[in-house]
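For the sequence shown, our numbering begins at 58 and goes up steadily by one.
Even for Gly, the Cβ is constructed at its ideal location relative to N, Cα and C.
Predicted model, so just to flag it, every value in this text is computed and none were measured.
Worksheet: one structure, shown below.
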Amino acid sequence: MQETNLTPAMRQYMQMKAEAPQGAVLLFRMGDFYEMFYEDAHKASPILEITLTKRAGYPMCGIPYHALDSYLPKLLEAGVKVAIAEQLEDPALAKGIVKRGITRIITPGTVLDSSVLNPHKNNFLCALTASKDKYGLAWMDISTAEFKATELNSLAELESQLYSIQARECLLPATLMRQWEEEKAFPYTQKHILWTPLDDWIFSIENAEELLKRQFQVMTLDGFGLRGRTLAERSAGAVIHYASENLRHNVVHIRSLKFHSPEDYLALDPICQRNLELVEPMFGASKENTLLYVLDRTNTPMGSRLMRDWLLKPLKNVDRIVERQDVVGLLKDDPLTLAELRETMGAVRDLERIIARLNVGNINPRDMLALANSLEMVPAVRTLLSSYDLPLIERLRENICEMPELVEKILSAIVDEPPATVSDGGVIREGYNKELDEFRSAATDGKRWVAELQAKEQERSGIKSLKINYNRVFGYFIEVTKTHLASIPDDYIRKQTLVNSERFITPGLKEMESKILGSEDKSKALEVQLFEELRKFAGTFTPQIQLTAAALAEIDVLCALADCAQRYSYCRPKVADDDLLEIQAGRHPVLDCAMKGERFIPNDTLLDGDENRMMIITGPNMAGKSTYIRQTALLTIMAQMGSFIPASSAHIGVADRIFTRVGASDDIARGQSTFMVEMVETANILNNATSKSIVILDEIGRGTSTFDGLSIAWAVAEFLLDHPSCRARTQFATHYHELTELAITRRGVKNYNVAVREYGEQIIFLRQIIPGGADKSYGIHVAKLAGLPPEVISRAQDILENLENNSIAEAGQPSLVTKSRYMIREQRQKYKKEKPESDHIQPTLFDQ
């Protein structure tokens with residue numbers, strides 16, 4: 058549309074749009090609505106599920122201003138940046154077009170609004186740089202002040218870290234963005250991450266050093282662990298740059314940067330996190346299916362976020378694990394103190410996010426009161442911990458700071474039930490400020506005078522329906538219905554004529570109006586000033602509050618783990634730097650809680666670096682093989698995060714990585730078939746597993762022909778057993794019963810199966826893992842349970858009998874079994890010709 062054809066308001070909109078960040082949706086305040094126009098309307102309407110319409114030929118849509126908190130999360134969740142242009146003056150008082158300006162820029166990674174944030178998850182903004190096959194990554198949660206950086210040696214490590222932190226927005230150099238777009242080579246991560254390109258100079262080492270030194274008020278960055286780690290430093294600098302730009306250079310609450318060392322933690326790649334359903338359920342299932350749901354019995358938002366972090370970053374250092382276990386055990390055995398601690402922690406609000414909003418100027422009166430009420434709980438927590446002399450407890454107790462001066466000042470200033478915003482008035486307590494009390498008294502006396510005046514005027518005029526009202530346009534006025542106009546006094550001055558009434562003023566009424574409104578305006582202005590002074594005073598306690606919040610979060614997590622151990626009868630596992638993984642009567646932590654009224658069948662596990670390196674587990678579908686092997690991985694993770702575990706006893710040799718090859722599905726986004734996905738995941742395991750790793754394999758080779766699949770499964774098992782760089786502790790659940798022969802030909806293999814009891818034609822899955830291989834699959838029985846038509850089940854039984862008797866054959870044709878054996882010999886000969894050294898299949902497996 059031509060500029061000359063635009064209305065003044067639309068010209069103002071176009072100016073605001075030009076000022077907004079590229080790609081941002083501009084919410085343009087017009088009266089009681091935020092309006093969106095042109096391409097913004099096209100982008101936002103389907104996300105917000107609102108009607109796209111037109112005004113003067115241009116597309117538009119809008120949302121009520123009071124519903125912003127409901128609609129804003131939808132835009133951010135979809136990875137959309139938002140710029141908000143507010144009215145900067147009262148439209149009723151504006152001369153000409155209302156003055157407007159962009160007051161906030163909100164991106165998925167720079168959110169501070171509590172209405173948008175998930176209290177149980179961090180909201181990370183990250184930045185990454187790359188140099189050949191090495192990556193620098195930094196991530197910050199502006200709402201909690203958590204800020205970390207690391208360097209990673211492969212794309213796989215980068216993807217694992219990105220998947221763990223679940224960043225909402227990722228910054229990267231524009232040249233790298235273009236390269237990845239051309240090559241379609243973006244790292245695998247969760248959906249709805251916003252990739253934001255920035256000018257390359259923002260990622261320069263010079264810019265990073267200047268910004269980080271200024272942010273932390275230091276002369277050198279060596280104290281943050283960044284010496285020689287330029288990629289991490291460059292990424293951290295970009296995060297600070299972007300956060301400062303979007304928050305108007307107001308990030309003073311970001312006071313520290315920690316270097317994250319991946320080698321300190323048990324590595325859990327995206328496939329493992331997804332397959333084990335650690336924090337997110339698969340296939341859109343309930344959150345109750347996750348391990349996080351079971352363990353997260355925290356009572357504070359900070360604790361809930363930290364629990365998630367501990368779960369995704371289990372420790373490898375035995376001393377640190379034992380330190381956590383000591384506290385969990387102590388609290389578990391002291392139920393009275395545990396209950397008191399948990400009750401006290403329940404009164405603590407989200408201190409991390411409150412102090413962030415306080416420092417950037419977004420704190421509201423209710424947040425301020427919540428800050429004081431939360432800090433009031435601190436002495437009780439310190440007292441409850443004072444009887445324990447464990448090193449970790451002592452360190453945490455020292456970090457919990459009592460701030461009576463701040464608590465007293467806030468409680469003396471803020472009313473017990475303050476309004477949502479300070480501009481509404483009525484925030485500051487009576488008696489806190491003498492001048493404010495005088496303004497309020499004047500306003501109150503004036504309103505009382507108005508009420509008395511109404512009664513006097515009713516009596517003077519004889520008009521009982523006479524009212525004195527107020528609106529923002531006309532101020533105070535006397536309203537009289539037209540039927541009584543003949544009775545109005547002579548000193549009434551007509552102000553406005555309506556359909557059914559007339560409005561009047563008097564000199565005395567206007568004089569009092571001036572006093573009342575002046576007092577109210579001065580009162581509100583003074584309240585804003587006093588609240589700002591209180592905010593600045595509270596801001597001086599930022600370091601102590603952040604330290605206290607971190608300590609309370611850790612105490613909350615330890616209490617939650619102790620509560621789980623007590624509630625679910627968990628045992629303390631012995632954790633050691635060895636290869637022994639022995640669990641007695643282990644239970645799946647999620648199913649153990651979910652099976653209400655039904656007992657979960659416990660099972661033992663034995664893996665080590667010698668005679669028990671691999672468990673080959675056979676048995677029918679639905680018997681519990683997958684549950685059992687997942688259970689092993691979950692209990693290892695729980696043990697290494699410092700938790701007790703569902704078992705009667707356990708010895709957990711610390712693992713460096715857990716690999717899972719579980720289930721099968723196409724990866725349509727990457728154009729990979731089920732079998733290709735399976736092989737890629739298997740290749741990742743074989744190329745990266747070590748003798749300290751735990752490998753969980755649930756079927757390999759099902760996506761191809763039977764003998765191809767069996768051959769691959771056999772060769773994979775051999776590699777895991779024999780290759781000097783691997784020799785990982787492995788649980789291998791399979792339908793290939795032939796693999797049980799590995800226990801005869803290979804040292805370190807033990808066969809197990811899931812016990813089944815037969816009653817005539819019926820079978821019962823006992824869910825018990827017992828030594829030895831299975832001799833039947835019971836597939837037809839499972840098909841029957843699944844509801845296949847009876848005629849299909851009957852025909853399948855006939856075919857099975859014929860196959861087992863080797864009797865399906867038409868005249869002159871070999872039987873299926875014979876033909877299959879002939880085909881496998883043919884395939885093996887072909888493979889030998891192409892690559893003789895790749896033939897790892899044992900000749901004893903098939904008839905020659």
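| Asked | Found |
| --- | --- |
| Residue 237 - containing alpha helix (DSSP H), residue span | 231-240 |
| Those runs of the alpha helix (DSSP H) which lie wholly inside the stretch 600-631 and span at least 4 residues | none |
| Residue range of the unbroken alpha helix (DSSP H) whose run includes residue 536 | Here residue 536 belongs to no alpha helix (DSSP H); instead the beta strand (DSSP E) covers 532-538. |
| Inter-residue spacing [alpha-carbon to alpha-carbon] between residue 481 and residue 171 | 19 Å |
| CA-to-CA distance, residue 192 to residue 232, given in whole angstroms | 15 Å |
| Whole-angstrom distance between residue 610 and residue 458, CA atom to CA atom | 14 Å |
| N- and C-terminal bounds of the alpha helix (DSSP H) containing residue 719 | Where residue 719 is concerned, there is no enclosing alpha helix (DSSP H), although the beta strand (DSSP E) it sits in stretches over 714-719. |
| Pairwise C-alpha distance: residue 702 and residue 641 | 11 Å |
| Residue 646, enclosing alpha helix (DSSP H) - first and last residue | 646-651 |
| Residue of 95, 109, 547 minimising C-alpha distance to residue 82 | 95 |
| One or two residues paired with residue 322 in a DSSP bridge | 372 |
| For residue 512, the three-state DSSP class (helix, strand or coil) | helix |
| Contact between the stretch 437-448 and the stretch 205-225 (3+ Cβ pairs under 8 Å) | no |
| Cutoff 6 Å; reference residue 178; Cβ partners in own chain excluding five residues on either side | none |
| C-alpha distance - residue 128 paired with residue 275, whole-angstrom precision | 41 Å |
| Helix, strand or coil at residue 308 [DSSP, three-state] | coil |
| Neighbourhood of residue 842 by C-beta distance below 6 Å, restricted to the same chain and skipping five residues each side | none |
| Chain D within 8 Å of residue 419, Cβ atoms only | Of the protein chains in this structure there is only one, and it is not chain D. |
| Selection from 509, 244, 410 that minimises the alpha carbon distance to residue 212 | 244 |
| Outcome for residue 180 when other beta-carbon atoms lying within 10 angstroms are tallied against a minimum of 16 | buried |
| Backbone secondary structure at residue 661 - three-state DSSP | strand |
| Cβ-based burial, residue 258 [other Cβ within 10 Å; buried from 16] | exposed |
| Inter-residue spacing [alpha-carbon to alpha-carbon] between residue 731 and residue 758 | 10 Å |
| N-terminal and C-terminal residue of the beta strand (DSSP E) that residue 558 is part of | 558-562 |
| Close Cβ partners of residue 216 (< 8 Å) along its chain, the five nearest in sequence each way excluded | 244, 245, 246, 326, 327 |
| Cβ contact (3+ pairs, closer than 8 Å) linking the stretch 416-431 and the stretch 456-472 | yes |
| Residue range of the unbroken beta strand (DSSP E) whose run includes residue 183 | 182-188 |
| Residue 390 versus residue 353: straight-line alpha-carbon distance, rounded | 20 Å |
| At least 3 beta-carbon pairs within less than 8 Å: the stretch 312-325 vs the stretch 346-363 | no |
| For residue 263, three-class secondary structure by DSSP | helix |
| Selection from 75, 765, 144, 489 that minimises the alpha carbon distance to residue 583 | 489 |
| Among 214, 375, 156, nearest to residue 634 - alpha-carbon criterion | 375 |
| Distance CB(residue 449)-CB(residue 384) smaller than 8 Å | yes |
| Exposure of residue 576, with buried meaning 16 or more beta-carbon neighbours within 10 Å | buried |
| DSSP state of residue 458 mapped onto helix, strand, coil | coil |
| Spatial neighbours of residue 132 in its chain, beta-carbon cut-off 8 Å, leaving aside the 5 residues before and after | 82, 101, 104, 105, 139 |
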